[in-house]
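Last residue of the sequence shown: number 387 in the working numbering, and the count goes up by one each step with no gaps. The C-beta atom is built at its ideal place from N, Cα and C for all residues, glycine as well. Given the structure is predicted, the values throughout are model-derived calculations rather than measurements.
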Amino acid sequence: MSTTATTTVTTEAAAPTKLALAFNSEIHKEYKYTDYLPVYDNETTFPPLQPFEFNDRALVADKKFRNLLSADNASRKASKLTPSIGTEIRGLQLSSLDDRQKDELALLLAERGVVVFRDQDFKDIGVQKQKDFARYFGPLHIHPVGAHVKDALEIHNIYLGPDNEYRAGRRSNRLTSTGYHSDVSYERQPPGITILTLLSVPPTGGDTAWASQTAAYSRLSQPIKTLLEGLRAEHSGFPQAEGATRDGHFVRRQPIKTEHPIVRIHPATGQKALYINPGFTKRIVGLKDEESDALLKLLFKHIINGQDFQVRVRWEEGTVALWDNRITAHTAINDYDVHNPQEGLRHGIRLTTLADKPTGVNGLTSQAGGA
Ligand SMILES: O=C(O)CCC(=O)C(=O)O
Ligand SMILES: [Fe+2]
Numbered sequence: 017m018s019t020t021a022t023t024t025v026t027t028e029a030a031a032p033t034k035l036a037l038a039f040n041s042e043i044h045k046e047y048k049y050t051d052y053l054p055v056y057d058n059e060t061t062f063p064p065l066q067p068f069e070f071n072d073r074a075l076v077a078d079k080k081f082r083n084l085l086s087a088d089n090a091s092r093k094a095s096k097l098t099p100s101i102g103t104e105i106r107g108l109q110l111s112s113l114d115d116r117q118k119d120e121l122a123l124l125l126a127e128r129g130v131v132v133f134r135d136q137d138f139k140d141i142g143v144q145k146q147k148d149f150a151r152y153f154g155p156l157h158i159h160p161v162g163a164h165v166k167d168a169l170e171i172h173n174i175y176l177g178p179d180n181e182y183r184a185g186r187r188s189n190r191l192t193s194t195g196y197h198s199d200v201s202y203e204r205q206p207p208g209i210t211i212l213t214l215l216s217v218p219p220t221g222g223d224t225a226w227a228s229q230t231a232a233y234s235r236l237s238q239p240i241k242t243l244l245e246g247l248r249a250e251h252s253g254f255p256q257a258e259g260a261t262r263d264g265h266f267v268r269r270q271p272i273k274t275e276h277p278i279v280r281i282h283p284a285t286g287q288k289a290l291y292i293n294p295g296f297t298k299r300i301v302g303l304k305d306e307e308s309d310a311l312l313k314l315l316f317k318h319i320i321n322g323q324d325f326q327v328r329v330r331w332e333e334g335t336v337a338l339w340d341n342r343i344t345a346h347t348a349i350n351d352y353d354v355h356n357p358q359e360g361l362r363h364g365i366r367l368t369t370l371a372d373k374p375t376g377v378n379g380l381t382s383q384a385g386g387a
């Protein structure tokens, strides 16, 4: 059940905008982040995303991370969360990184997949500074259907509480709520770096897990690697848009399908990664249906079951997680009871930056999908 009240408010531009509130303000009287509660602009539409030249900051980064991880700061600690994926950083504020440090962060993300920053003031620097920070890494993605922050369509809203169970309800007919995906991978130039900040963290539960798609690729046998390197898979935004329409939500950009190489090369590291995910990848182009279904089932199972190349992160007050969608898949873990005030409210805001048009092996590139 989602509690969605529709009201008319006046935006900063003084233009009346039809804004649906996806929360109940009665239960948030004490909440510090009411300005970030989920809303839906039910009026503004966007044309298809246009091609752009992507400037990967990781390409100009110092490969020894001398600015981001310099040893001269004793309170700064960077530690690997697992051998293959995830690094945790303490003693460094994202909000005060200079450009060289940001370049190195982009490279660290390309190498480690996920970087978790603890004790951050990022959520308190305001919408504009958060957007400016993210924009350094690439153009900001506007989600085609999701809830967002008032007056900031670029800030995707992730909310699950007693007054809005939409996120849980979408998966209520399944045995598990987990759903590995790479953010909006159906886009022509799909996301590189995503920045997720949690504003409210359940005392227990609500972790996020990531799988390394570089490790997932490297585990495969050579014959399967060779087969996959010559193939593209279709990623579709249609089920998401159809689901939103069915649930009474507004579609602000029309869905598309894109055929991406199954094995993608990261431009900064040259590493190969599997670029398919259970969330958006629908079929392997050029195979018969049964072949495609069987192969995707095998690969999805491999990604989901790969506990030995995954990392699961417990959120703390002040945690900000960044990941590179080109080489990872991730899932929220909705294991808490929203009706239990001791567990209940999980609220996060996500900034997602667009990146390169995927390149595969032997120059295989993405192409527009069929209707
Ligand atoms: O809430 C999380 O942990 C992740 C959410 C997510 O994957 C998304 O919104 O794309
Ligand atoms: Fe996601």
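Counting along the chain, no alpha helix (DSSP H) covers P277; the unbroken beta strand (DSSP E) around it starts and ends at 273-277. Fewer than three pairs of CB atoms, one per stretch, sit closer than 8 Å, so the region 255-263 makes no contact with the region 209-226. According to DSSP, W339 shares a beta bridge with V130, T210.
Residue range 297-300 is occupied by the beta strand (DSSP E) that includes T297, with no alpha helix (DSSP H) assigned at that position.
The continuous alpha helix (DSSP H) containing K317 extends over residues 305-321.
Close CB contacts of N58 within its chain, under the 6 Å cut and outside five residues either way in sequence, are with K34, A36, F266 (chain order). Excluding sequence positions up to five before and after P271, its CB lies within less than 6 Å of the CB of G253, F254, A257, all in the same chain and listed in chain order.
When secondary structure is reduced to three states using DSSP, L215 falls in the strand class. Contact between P54 and F39 is confirmed by a C-beta separation of about 6 Å, below the 8 Å threshold.
With respect to the 7 Å criterion, S382 and N293 are not classified as neighbours on the basis of their beta carbons.
About 5 Å separates the beta carbons of G385 and E275, which is inside the 8 Å limit, making them a contact pair. Judged by beta-carbon spacing, T210 lies within the 7 Å limit of N341, meaning their Cβ atoms are closer than that value. Annotation: R92 is outside any beta strand (DSSP E) and is labelled neither H nor E by DSSP. Taking the Cα of H251 as reference, the smallest distance to any Cα among D305, P277, Q117 is reached at P277. Using a Cβ-Cβ distance cut-off of 8 Å, the region 182-195 and the region 148-158 are not in contact, since fewer than three pairs of beta carbons, one from each stretch, lie closer than that value. Residue selection by CB proximity (closer than 7 Å to any heavy atom of ligand 1) returns H172, I174, H197, D199, L212, T224, H346, T347, A348, G364, R366 in chain order. The beta carbon of H282 is closer than 7 Å to those of A126, A289, R342, I343 in its chain, skipping five residues each way along the sequence. Counting other Cβ atoms within 10 Å of its Cβ, F133 reaches 16 or more and is therefore classed as buried. Within the same chain, Cβ atoms closer than 7 Å to the Cβ of L110 are found at F133, Q136, F138, F149, V336, the five residues on either side in sequence being excluded. Shortest Cα-Cα distance from I320 to any of H355, K373, T242, Y233 involves Y233. Sixteen is the threshold: since fewer than 16 other Cβ atoms of the shown chains lie within 10 Å of the Cβ of H355, the residue is exposed.
If you look at L244, you'll find it isn't in any beta strand (DSSP E); it sits in the alpha helix (DSSP H) that goes 238-245. Following the DSSP letters along the chain, one finds Q326 in no alpha helix (DSSP H) but inside the beta strand (DSSP E) bounded by residues 326-329. Straight-line measurement puts the Cα of E120 at about 6 Å from the Cα of A74. Here A87 carries a coil assignment [DSSP, helix/strand/coil]. About 21 Å separates the Cβ atoms of V143 and V161, ruling out a contact at the 8 Å cut-off.
If you draw a straight line from the Cα of A87 to the Cα of L113, it is about 16 Å long. DSSP, read as helix, strand or coil, puts D57 in strand.
Of I365, P374, V377, the smallest CA-CA separation from A168 is found for I365. In its chain, beyond the 5 residues on either side, L65, P67, I272, T274, K373, S382, A384 have a beta carbon closer than 8 Å to the beta carbon of R204.
Y175 is bridged by DSSP to H363.
Out of G221, V200, L124, Y196, the CA that lies nearest to the CA of R330 is found in G221.
Rounded to whole angstroms, the gap between the alpha carbons of K79 and R269 is 38 Å.
The closest CA to that of D51, considering only Y196, P218, D115, D140, is found on D140.
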